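Protein chains in written order, with our numbering: chain A, 363 to 541; chain B, 25 to 319. Virtual Cβ for every residue (Gly too), placed ideally from N, Cα, C. Just so it is clear, the structure is predicted and the values come from calculations on it, not from any experiment.
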Amino acid sequence: MINLINVSSVLGHCGPFTNLVTRPTGAAVRSLIEQSLSAAHGAVTVIDFSEVEMIDFSCADEVIAKLLLRFGSEPAREAYFVFRAASEHLDAIETVLERHMLALVIQLDDGAVQLIGAVADAERRCWETVRRMGGGRATAIAIELGRDVQETTALLDGLARRRLLMHSGERYETVGGGA
Amino acid sequence: MTTVLTVPPSLDDTTFEHLLEQLAPLPADERILIDARHARWASPYGLTALLTLAQSRAEPPGLAVPEADDTASYWARLGFFRHAQELFELHGTVPKARSGGESDVLLEITSVSKSEDVHEVVGRIQQKAQSMLVRELNIDAKATMGFAMTLSEACQNIVEHAGRGGWVAVQAYRWTKRLGRRVVVIAVCDAGVGFRQSLESSPGRRLGDRWDDAQALEEAVIRGVSRFRDPGRGQGLAGVRRYVGRWEGKLSVRSGTARIAIVPKWDDDVPLAEKLPNFPGAQMQITIPEQLPAR
């Protein structure tokens, strides 16, 4: 199941705003997003930034970084995010991701997904390989990567813990691969 | 007795210090009259800082308005008198602000005290900034968003830290004396608690031996330290610094007795000025110059 959250609509519930600026606005937007996520355990949620004119650093920190920190690693709050129409706002988003050592998946205009933020080179190569393959088992991914299975499994599990890959049974898939 | 402080003919971030030197020896409750009759020009910083000066006094100071019609009219177009009439006892002829029509001012002096004010400021600047940055300053259209982000973060500094309201203004003009190019200038001034006191309010903060306004500015502006323990804090000023660096701009922040500056190649300002006349709050100026065409 894929949930869709239109940030512009959420922003409209916080006041007559078109820009995601200031911490109080960011906190209000995040709070509403969190409410709509309460029933989305384990599902992929597309956070759509279409129609958001601007997002500043403070608001990006409140909305994106805090959302990832709260849902990014706690087993009780398993949620996967894909950020759509975020390319216009990369300056603010990448800044807050680096600050908190976070990463996320964005969906480009052509539908392809891309990993941005604080990710080690080996993790990025691993994630890209999974994306290219359209998902697979650790053994197949290890062969494609040219690494041993144990090493590859550790990378895959690390990415899954950060909610950048989905792990179901023995398969690993990129978040948003089918979003 | 009333002490008269003379406004220099050209009032900007540098010459405002002359006013503060005159003000420094006076007790806060001393009656003052600010004599701007012979002022000919003022930057957005000069005018917003003048409002904070009034805000810092126990009694509303007097203000003798500029005698030159074009100067007084420009101050009116920037919205100065609208705020000044609340803070000063005005003497002289105050021109009526032009109503309606398209103003040549990018963002007239606007009070900032709460989050909604920042939304208002950002919303108002977006349209005008886009055409001006591209057409007059040769700055990439994509940089418009960064400009609005910079403005937003600078204003939020008041909302988050000052403890009282302040003012913002944005204007573009040709800076003949220093640069010979057009610039766009953001001024954000308040008479609140200032950087040192703001950082001191952080729970459990240890203060070093040389803790003073200069070190507080270094911590906040250069190292991104905030009074909040949240690791996500302090990104606003860091973002401002990055934007200024990308466009060879200048950032200067004055607070208490010190002023710190990110100085570009075209300017000869000092990076850190200490032992200035004490003045409450924080006064920030961001200058983005016209970009020279690539050779």
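{"Item": "is_contact[A:A389, chain B] using C-beta, thresh 7 Å", "Value": "no"}
{"Item": "B:A82: first and last residue of the uninterrupted beta strand (DSSP E) it sits in", "Value": "Counting along the chain, B:A82 falls outside any beta strand (DSSP E), and DSSP gives it neither H nor E."}
{"Item": "For A:T380, the nearest candidate out of A:S412, A:S393, A:M363 (CA to CA)", "Value": "A:S412"}
{"Item": "Partners in chain A for B:A172, counting only beta-carbon separations shorter than 9 Å", "Value": "N381, V383, E415, M416, D418"}
{"Item": "Whole-number beta carbon distance between B:A153 and B:A172, since they are thought to touch under 8 Å", "Value": "6 Å"}
{"Item": "Chain-order list of residues whose beta-carbon lies under 7 Å from that of B:S225 (same chain, five-residue window excluded)", "Value": "R251"}
{"Item": "7 Å Cβ cutoff, A:A405 in contact with chain B", "Value": "no"}
{"Item": "Classification of B:A238 by the beta-carbon crowding that lies within 10 angstroms, buried from 16 upward", "Value": "buried"}
{"Item": "Strand pairing of B:E113, partner residues [DSSP]", "Value": "B:G86"}
{"Item": "Other residues of its chain near B:L111: CB distance less than 7 Å, five sequence neighbours each side excluded", "Value": "L75, A78, Q79, P84"}
{"Item": "Residues from the segment 251 to 278 of chain B in contact with chain A, defined by Cβ distance under 7 Å", "Value": "P255, G256, Q259, G260, G263"}
{"Item": "DSSP bridge partner residues for A:L517 (one or two, in chain order)", "Value": "Note: A:L517 sits in no beta bridge, so no partner."}
{"Item": "Of the listed residues A:V475, A:E396, A:K428, nearest to A:V372 (C-alpha basis)", "Value": "A:E396"}
{"Item": "Any C-beta of chain A under 7 Å from that of B:S67", "Value": "no"}
{"Item": "Runs of alpha helix (DSSP H) lying entirely within the segment 178 to 250 of chain B, each at least 4 residues, in chain order", "Value": "218 to 224, 237 to 241"}
{"Item": "Distance CB(B:C213)-CB(B:W191) smaller than 7 Å", "Value": "yes"}
{"Item": "Residues that B:M308 contacts on chain A, provided the C-beta gap is smaller than 9 Å", "Value": "None at all; the shortest Cβ gap to chain A is about 16 Å."}
{"Item": "contact_flag[the segment 503 to 515 of chain A, the segment 482 to 494 of chain A] where n(CB pairs < 8 Å) is 3 or more", "Value": "yes"}
{"Item": "Residue range of the unbroken beta strand (DSSP E) whose run includes B:D94", "Value": "Careful: B:D94 lies outside any beta strand (DSSP E), inside the alpha helix (DSSP H) at 93 to 101."}
{"Item": "Strand pairing of B:P313, partner residues [DSSP]", "Value": "B:V207"}
{"Item": "Own chain residues within Cβ distance below 7 Å of A:E424, not counting five before or after", "Value": "R385, G388, A389, R392"}
{"Item": "Cβ neighbour criterion (16 or more within 10 Å) applied to B:P317", "Value": "exposed"}
{"Item": "Integer-rounded CB distance, given that B:V217 should sit under 8 Å from B:G187", "Value": "5 Å"}
{"Item": "C-alpha gap between B:V268 and A:H403, whole angstroms", "Value": "42 Å"}
{"Item": "Proximity test, Cβ basis, 7 Å: B:G125 and chain A", "Value": "For B:G125, the pLDDT reaches just 49, beneath the cut-off of 50, and the residue's location in the model is therefore unreliable, although a value from the coordinates is still provided. Chain A, which has no Cβ nearer than 7 Å to the Cβ of B:G125, makes this no."}
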